[in-house]
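One structure is given here, and the rest of the page talks about it.
There are 2 protein chains.
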Amino acid sequence: MGRVDRSLIAGLPLFAGIAPEGLDRILAGARSTRYAKDSAIFEQEEEAHAFFLLLDGHIRVVRSTPEGQQVIVRYISAGEIFGIASALGRTTYPATAFAVVDCVALSWPTSMWSELSAQFPSFGANTYKTVGTRLQDTHTRVVEMATEQVEQRVAHALLRLLEQTGKKTDEGILIDFPISRQDIAEMTGTTLHTVSRLLSAWEDKGLIRSGRQKVTVVDPHKLMLVANGRSERS
Amino acid sequence: MGRVDRSLIAGLPLFAGIAPEGLDRILAGARSTRYAKDSAIFEQEEEAHAFFLLLDGHIRVVRSTPEGQQVIVRYISAGEIFGIASALGRTTYPATAFAVVDCVALSWPTSMWSELSAQFPSFGANTYKTVGTRLQDTHTRVVEMATEQVEQRVAHALLRLLEQTGKKTDEGILIDFPISRQDIAEMTGTTLHTVSRLLSAWEDKGLIRSGRQKVTVVDPHKLMLVANGRSERS
DNA sequence: GTGCATCTTTGCGCCTTCGCAACGACATCG
DNA sequence: CGATGTCGTTGCGAAGGCGCAAAGATGCAC
Numbered sequence: 001m002g003r004v005d006r007s008l009i010a011g012l013p014l015f016a017g018i019a020p021e022g023l024d025r026i027l028a029g030a031r032s033t034r035y036a037k038d039s040a041i042f043e044q045e046e047e048a049h050a051f052f053l054l055l056d057g058h059i060r061v062v063r064s065t066p067e068g069q070q071v072i073v074r075y076i077s078a079g080e081i082f083g084i085a086s087a088l089g090r091t092t093y094p095a096t097a098f099a100v101v102d103c104v105a106l107s108w109p110t111s112m113w114s115e116l117s118a119q120f121p122s123f124g125a126n127t128y129k130t131v132g133t134r135l136q137d138t139h140t141r142v143v144e145m146a147t148e149q150v151e152q153r154v155a156h157a158l159l160r161l162l163e164q165t166g167k168k169t170d171e172g173i174l175i176d177f178p179i180s181r182q183d184i185a186e187m188t189g190t191t192l193h194t195v196s197r198l199l200s201a202w203e204d205k206g207l208i209r210s211g212r213q214k215v216t217v218v219d220p221h222k223l224m225l226v227a228n229g230r231s232e233r234s
Numbered sequence: 001m002g003r004v005d006r007s008l009i010a011g012l013p014l015f016a017g018i019a020p021e022g023l024d025r026i027l028a029g030a031r032s033t034r035y036a037k038d039s040a041i042f043e044q045e046e047e048a049h050a051f052f053l054l055l056d057g058h059i060r061v062v063r064s065t066p067e068g069q070q071v072i073v074r075y076i077s078a079g080e081i082f083g084i085a086s087a088l089g090r091t092t093y094p095a096t097a098f099a100v101v102d103c104v105a106l107s108w109p110t111s112m113w114s115e116l117s118a119q120f121p122s123f124g125a126n127t128y129k130t131v132g133t134r135l136q137d138t139h140t141r142v143v144e145m146a147t148e149q150v151e152q153r154v155a156h157a158l159l160r161l162l163e164q165t166g167k168k169t170d171e172g173i174l175i176d177f178p179i180s181r182q183d184i185a186e187m188t189g190t191t192l193h194t195v196s197r198l199l200s201a202w203e204d205k206g207l208i209r210s211g212r213q214k215v216t217v218v219d220p221h222k223l224m225l226v227a228n229g230r231s232e233r234s
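Taken in order, these protein sequences are the chains called A and B.
Here the first sequence is numbered in full-length UniProt numbering, starting from 1 and rising by one per residue.
Here the second sequence is numbered in full-length UniProt numbering, starting from 1 and rising by one per residue.
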């Protein structure tokens, strides 16, 4: 918990078009919290007491089945809002949010949502736009799961992570947070075994380099061919 | 195209808490259109010129892959809004909407969205709540596709259709619009062959009765057991 | 009433993917 | 620096579900 300087959030598209005084007023209602790696920011089914803006780090949003299987709904990067169930008329969080690395996030009490979105229409509009984008992304994922083979789905998932958090290194583009085979499996609806086999095969072909909780894409273009099924079967 | 009487929409939750004069003003900007069975209300990639409210009938929202495969995103029933891409900051429709039966829908030009939602906050709020619900529903679907076998997915899909449009008959609960094996396959990410086999097996067990483009659920409770995987393998 | 288009059923072989199991590698911590 | 736990790899067998193909049903149009 602590003060937040306006400059930390002034550049975010989320707050585009809001005057400095407005930002200060928005921030006045927020509190900043640090979350240790692997801790939960909120949990599925829990009362939705707040919504969040990630300032630093990476969040993994996970939905669990009654049988205890987990599915990764999405990753959140710095600058994105999350836990906005409250903004959408829900009273409980539909998923659990884990800090993938040490994170810092702002939070506002749910009760402030209507107030903020009314007072700063562009903030509301930007948020809804984000929700709309996520709905489309999720539909895309449904389509992928319905029509593609595992190999394509995993390739697509990696490419999406690259887009979101790719970081250039001298070997290629690195996914900028620890991610295991199991994690990738939970994003794509397969098993860690199958993911491991795929990554091994791709590494042999020189598409990627990977290690413990680490994936670097060496040849994004070829990976894209795989994702589109234009790659000959091995 | 034509006039719409206020009474047609006054009872909808979407317009709850809006005065009669407000409704009239909302309707003044709308136009009513009839769509013949199997016609498209709008098409994927098309400019999002309007958003819609279904007054009567059933709509199938379909997303196509570049390879021409189709996935049913959802069914829309009377009273629901659809084509609200515009409300979410998109400029094109992300999917195609087909009239499953003869339909009647109201439409408003996209440009009216901001005006209406500003003037009638509860209308805006209800719409966003709907979007939130759909996002959750879609996530649920992702989880199902990631963790369940085809049999469970198909059972879940049928149960969802029952919930949405089930109509009691003397044989059981009927899905109230024509739906083919192919349609069910496109909802669940499988093939019409597999769906046909499943329905046949369920019919033998007395769970359902089905015919050409028609499914009646005789024993919803047992179907729920199948959906939850609590049914012994055949 | 007859013909045609569409939808449905069902058999069979194959292939992708899973499940299980065992082993190997790497990092961390005391 | 060695022990321990977590994560990754890989082999093998099983099977769920797909693809293809052909035949059977049903409703609609003329």
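C-beta atoms are modelled at their ideal positions from N, C-alpha and C, and glycine is treated no differently.
None of these values were measured; they are calculated from a predicted model.
For the beta strand (DSSP E) containing residue i, name the first residue and the last one.
{"i": "Pro220 (chain A)", "result": "Careful: Pro220 (chain A) lies outside any beta strand (DSSP E), inside the alpha helix (DSSP H) at Pro220 to Ala227."}
{"i": "Pro109 (chain B)", "result": "Cys103 to Pro109"}
{"i": "Ser86 (chain B)", "result": "Premise fails: Ser86 (chain B) is in no beta strand (DSSP E) and is neither H nor E."}
{"i": "Leu8 (chain A)", "result": "No beta strand (DSSP E) contains Leu8 (chain A), which is instead part of the alpha helix (DSSP H) from Ser7 to Ala10."}
Roughly how many angstroms separate the alpha carbons of residue i and residue j, rounded to a whole number?
{"i": "Gly22 (chain B)", "j": "Asp137 (chain A)", "result": "35 Å"}
{"i": "Val218 (chain A)", "j": "Leu174 (chain A)", "result": "9 Å"}
{"i": "Asp170 (chain A)", "j": "Gly206 (chain A)", "result": "15 Å"}
{"i": "Thr190 (chain B)", "j": "Val150 (chain B)", "result": "7 Å"}
{"i": "residue 248 (chain B)", "j": "Gly17 (chain A)", "result": "Given a span of 1 to 234 for chain B in the structure shown, any question on residue 248 (chain B) remains unanswerable."}
{"i": "Glu144 (chain A)", "j": "Val142 (chain B)", "result": "10 Å"}
{"i": "Phe123 (chain B)", "j": "Arg6 (chain B)", "result": "15 Å"}
{"i": "Ile9 (chain B)", "j": "Pro13 (chain A)", "result": "37 Å"}
{"i": "Gly79 (chain B)", "j": "Val104 (chain B)", "result": "11 Å"}
{"i": "Tyr128 (chain B)", "j": "Pro66 (chain A)", "result": "28 Å"}
{"i": "Thr91 (chain B)", "j": "Gln69 (chain A)", "result": "37 Å"}
{"i": "Gln152 (chain A)", "j": "Gly166 (chain B)", "result": "36 Å"}
{"i": "Arg212 (chain B)", "j": "Ser180 (chain B)", "result": "7 Å"}
{"i": "His221 (chain B)", "j": "Ser196 (chain A)", "result": "40 Å"}
{"i": "Leu198 (chain A)", "j": "Val71 (chain A)", "result": "19 Å"}
{"i": "Ser86 (chain B)", "j": "Leu225 (chain A)", "result": "32 Å"}
{"i": "Val101 (chain A)", "j": "Ser77 (chain A)", "result": "11 Å"}
On the DSSP bridge assignment, give the partners of residue i in chain order.
{"i": "Ala50 (chain B)", "result": "B:Pro109"}
{"i": "Asp56 (chain A)", "result": "A:Val104"}
{"i": "Gln70 (chain A)", "result": "A:Ser64"}
{"i": "Val215 (chain A)", "result": "A:Ser210"}
{"i": "Ser200 (chain A)", "result": "According to DSSP, Ser200 (chain A) bridges with nothing at all."}
{"i": "Leu27 (chain B)", "result": "According to DSSP, which records beta bridges pairwise, Leu27 (chain B) is partnered with nothing at all."}
{"i": "Leu174 (chain B)", "result": "B:Lys167 and B:Thr216"}
{"i": "Ser32 (chain A)", "result": "A:Leu106"}
{"i": "Ser77 (chain B)", "result": "B:His58"}
Which of the three DSSP states, helix, strand or coil, is assigned to residue i?
{"i": "Lys168 (chain A)", "result": "strand"}
{"i": "Gly17 (chain B)", "result": "coil"}
{"i": "Ser180 (chain B)", "result": "coil"}
{"i": "Val195 (chain A)", "result": "helix"}
{"i": "Arg230 (chain B)", "result": "coil"}
{"i": "Ser39 (chain B)", "result": "coil"}
{"i": "Thr92 (chain A)", "result": "strand"}
{"i": "residue 262 (chain B)", "result": "There is simply no residue 262 (chain B) to check, as chain B begins at 1 and stops at 234 in what is shown."}
{"i": "Val4 (chain A)", "result": "coil"}
{"i": "Ala99 (chain A)", "result": "strand"}
{"i": "Arg160 (chain B)", "result": "helix"}
{"i": "Glu151 (chain B)", "result": "helix"}
{"i": "Glu45 (chain B)", "result": "coil"}
Which two residues bound the contiguous alpha helix (DSSP H) that contains residue i?
{"i": "Leu207 (chain B)", "result": "Per DSSP, Leu207 (chain B) belongs to no alpha helix (DSSP H) and is neither H nor E."}
{"i": "Asp129 (chain A)", "result": "Reading off the sequence, residue 129 (chain A) comes out as Lys, not Asp. Pro121 to Thr147 is the span of the alpha helix (DSSP H), which, as asked, contains Lys129 (chain A)."}
Interface positions of the region 130-147 of chain A facing chain B (Cβ-Cβ less than 7 Å), listed along the chain: For the region 130-147 of chain A, which is checked against every Cβ of chain B, the residues closer than 7 Å are Val131, Gly132, Arg134, Leu135, Gln136, Thr138, His139, Arg141, Val142, Val143, Met145, Ala146 and Thr147.
Contact residues within the region 87-104 of chain A, judged by C-beta distance below 8 Å to chain B: Ala87, Leu88, Gly89, Arg90, Pro94 and Ala95
Chain B contacts made by the UniProt domain "Cyclic nucleotide-binding" (14-103) of chain A, where a contact means CB separation under 7 Å: Arg63, Thr65, Gln69, Val71, Val73, Leu88, Gly89, Arg90 and Pro94
Residues from the region 162-191 of chain B in contact with chain A, defined by Cβ distance under 7 Å: Considering only beta carbons, the part of the region 162-191 of chain B lying closer than 7 Å to chain A consists of Gly189, in chain order.
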